[in-house]
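2 protein chains.
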Amino acid sequence: MQKPIKASAIANANIALVKYWGKRDKKLILPNNSSVSVTLKDLHAHTTVDFSKNYDRDIFILNRREFRVGTEEYEYTELFLSLIRKIAKSKLRAKVVSNNNFPTAAGLASSAAGFAALAAATNEALGLDLNKKKLSMLARRGSGSATRSIYSGFVKWRKGKKEDGTDSYAKQIADAKYWPDFRIIVCITTKEEKKIKSRAGMAQTVATCPVYNGWLRASKDDLKSIERAIAKKDFTLLGKTAERNCLKMHAIMMTTTPPIFYFNKPTIDVMQSVLEWRKEGIECYFSIDASPQVKIICLEENIKKVKEKCKHLKGIKKIIITKPGEGVRIIKKHLF
Amino acid sequence: MQKPIKASAIANANIALVKYWGKRDKKLILPNNSSVSVTLKDLHAHTTVDFSKNYDRDIFILNRREFRVGTEEYEYTELFLSLIRKIAKSKLRAKVVSNNNFPTAAGLASSAAGFAALAAATNEALGLDLNKKKLSMLARRGSGSATRSIYSGFVKWRKGKKEDGTDSYAKQIADAKYWPDFRIIVCITTKEEKKIKSRAGMAQTVATCPVYNGWLRASKDDLKSIERAIAKKDFTLLGKTAERNCLKMHAIMMTTTPPIFYFNKPTIDVMQSVLEWRKEGIECYFSIDASPQVKIICLEENIKKVKEKCKHLKGIKKIIITKPGEGVRIIKKHLF
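Residue numbers (the numbering used here), protein chains in the order written: chain A, 4 to 339; chain R, 4 to 339.
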């Protein structure tokens, strides 16, 4: 009989410069478009998993709160653990404890970090010996954007073409040290959980947005621009492309039936301000995922100015200044 | 020699339920898509024109401010007057004085009301004897949306197909009394002039928006829905269609290069609130033109509740409760 095994991993959140929005396969979590992200140094999930015959069902505790059977959070975790059991040919149930050092479900890629950490921890716990490519494919099954949190620095998630998803995985474009003066300022505008989860929002967009095909076409162009921008360290091209890509994503969400609208008042304030600051000569760009939080991208030379400007904006609860960070890693410290 | 003649007209602003956004001919002001609007009872422009040999150049005074040669406002007015002179075979210069009873250039269709009134006043002053259809075509040359302010109630502007624009004019769908409990609440969120005028914004959208064709396709569907909604007095269909059409327009503006973003913080607040109020059972919808102002559409039965709710929203400078109103009319009261 298999010995019960426990392992812990840390994975960072990531912010997409070219967004992932819409699935071609909901079960396998295969995207309609490729995406590119930056893994964020200071926002992470720390996850411990313990497989043991002591558990008669899976247990999931996130940020000290236990999620019951039937909640979305529990069901997705259980689905993921069942997949792991199938791969590992194990019947052991697991206890999963995960803590984020940033607000959860508020649109800060908590599920990306969480599932990347869970994938790595289960891989370690059950001795699956998956390489990073395989690990990114496994993490994908938990949450699409988790695919990218496996790697450090700048990461591309290739959408792939195959029906079985074996060509849909992440690849590192450049590591965390590649662009030393690259900075991301995370502006937390609310700590409330977002009303519409990405999964539901995407499905609704694919089903009802009249210009979704336009999004897919435009996102191909943005992908090329971002890859060129990273290769050349062309910050202007990167910022402009990321900002426009984000606006396109929000545009397609706004035009679904019923409309999905993630912005709150501070979101708008930061967006309008960033556009103003650029006119004043401070080069910075915004990006917003499926949430009211805003990330400002700038270079180290402007970080003081942007930070000072942010202080005068109402409605920002907290700012976190961060930079490209590490990929997922196994750690010895367990959470229970 | 022609006697100098003076005439005055009043025209109401209008709010589009299916928006006009983008021209197929900039000189003739021919649109890429047909649009439908409601003429608003309580927002109007009062315009007096005086053609006389006493003037050696056109004079344009708007809300007690004289616009000089070279300003956009002066040039568009002068262009329009030159067109009139060509039609009337006159060489007389004119003095135009116009007052709006609502904030100007803040995105409340002041140019629609202004040019509709100017078209009617010049028609009267120079005895052109244009019928309403011709008048709507003339008003169109001043400002696209002015085409619709010629008529009362619910109005359609047919885009037309001809290159010379002779089939691009407004038609009344139903008069102002047709839907007695139809109400529009204009929420003024700023009295500042908008940063990007519609004319420039449209041109930028047509030139750079990657999903502009999707907008044109979707707007055809919305047109059918709105016409059906008006015919059947189906308020839910009308409201939903208008709200989504507005979001689509803002979506295409957001995705131009550079992005055009008209919303301010109160705009977002009203939008989010309207979505909430609907969940609470108060049926109302928002519509936003190329400006931060929000119009809420509801029926008389909900007007008290919506008004009360609006009072608790920060950032609304003023609300005007109005309903479908009259078309352009000649009046005897001159402004000078």
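Using N, Cα and C, we set each Cβ at its ideal position, and we do this for glycine too.
Annotation: the continuous alpha helix (DSSP H) that includes Asn216(A) extends over 215-235. Along the length of the region 141-180 of chain A, whole beta strand (DSSP E) runs at least 3 residues long occupy 157-160, 173-177, reported in chain order.
Beta-bridge annotation (DSSP): His47(R) is paired with Asn15(R).
Per DSSP, the unbroken beta strand (DSSP E) holding Asn103(R) starts and ends at 96-103.
Remark: C-beta atoms of Asp61(A) and Ile323(A) do not approach each other more closely than 8 Å.
For His315(R), the closest Cβ of chain A is not nearer than 8 Å.
The beta carbon of Lys29(R) is closer than 8 Å to those of Ala206 in its chain, skipping five residues each way along the sequence. Check the Cα spacing between Lys94(R) and each of Ile153(R), Ile13(R), Leu226(R), Phe54(R): the tightest is with Phe54(R). Contact with chain R is found for Phe266(A), since one of that chain's Cβ atoms lies less than 8 Å from the residue's Cβ.
Among the residues of chain A, those whose CB is under 9 Å from the CB of Arg220(R) are Pro213, Val214, following chain order. Val189(R) sits in a strand when the DSSP states are folded into three classes. At least 8 Å separates the CB of Gln296(A) from every CB of chain R.
Residue contact with chain A for Arg247(R): present (Cβ-Cβ distance below 8 Å to some residue of chain A).
Taken in chain order, the complete beta strand (DSSP E) segments of 3 residues or longer contained in the region 59-137 of chain R are 62-65, 68-70, 96-103. Within the model, the alpha-carbon separation for Lys174(R) versus Arg151(R) is close to 8 Å. The contact set of Leu250(A) on chain R, defined by CB atoms closer than 7 Å, consists of Met257, Thr258, Pro262 in chain order.
The residue among Leu111(A), Tyr215(A), Ser146(A), Ala91(A) with its C-alpha nearest the C-alpha of Lys298(A) is Leu111(A).
Taking each of Tyr79(A), Ile8(A), Phe105(A), Val41(A) in turn and checking the Cα distance to Asn57(A), the smallest one comes out for Ile8(A). Neighbours of Met274(R) across chain A, judged by C-beta separation under 8 Å: Phe264.
Here the alpha carbons of Pro34(R) and Asp167(R) stand approximately 12 Å from one another.
Runs of the beta strand (DSSP E) lying entirely within the region 228-312 of chain R and spanning at least 3 residues, in chain order: 287-290, 297-302.
At a cut-off of 8 Å, the C-beta of Ile300(R) has no neighbouring C-beta in chain A.
Residue environment analysis places Asn126(A) among the buried positions, since at least 16 neighbouring C-beta atoms fall within 10 angstroms of its C-beta. Sixteen is the threshold: when 16 or more other Cβ atoms of the shown chains lie within 10 Å of the Cβ of Ser114(A), as they do, the residue is buried. Secondary structure of Val331(A) (DSSP, three-state): coil.
Contact of Ile229(A) with chain R by beta-carbon distance below 7 Å is absent, the smallest such distance being about 15 Å.
Exclusion of the five residues before and after Cys190(A) leaves Val273, Val297, Ile319, Ile322 as the residues of its chain whose Cβ lies within less than 6 Å of its Cβ. Of the candidates Ala10(A), Gly204(A), Val39(A), Leu31(A), the residue whose Cα lies closest to the Cα of Ala245(A) is Val39(A). By the criterion of a C-beta distance shorter than 6 Å, Lys308(R) is surrounded in its chain by Ile285, once the five residues flanking it on both sides are discounted. Counting only residues of its own chain and dropping the five nearest sequence neighbours on each side, Leu302(A) has a CB closer than 8 Å to the CB of Asp184, Phe185, Arg186, Phe238, Glu286. Only those residues of the region 284-295 of chain R whose C-beta falls short of 9 Å from the nearest C-beta of chain A would be listed, and there are none.
Residue-level contact by beta carbon fails for Gly242(R) and chain A, as no gap is shorter than 8 Å.
Counting along the chain, the unbroken alpha helix (DSSP H) around Ser201(R) starts and ends at 201-211. Per DSSP, reduced to three states, the secondary structure at Lys314(A) is helical. Three or more beta-carbon pairs separated by less than 8 Å link the region 140-150 of chain R to the region 117-131 of chain R, which places the two stretches in contact.
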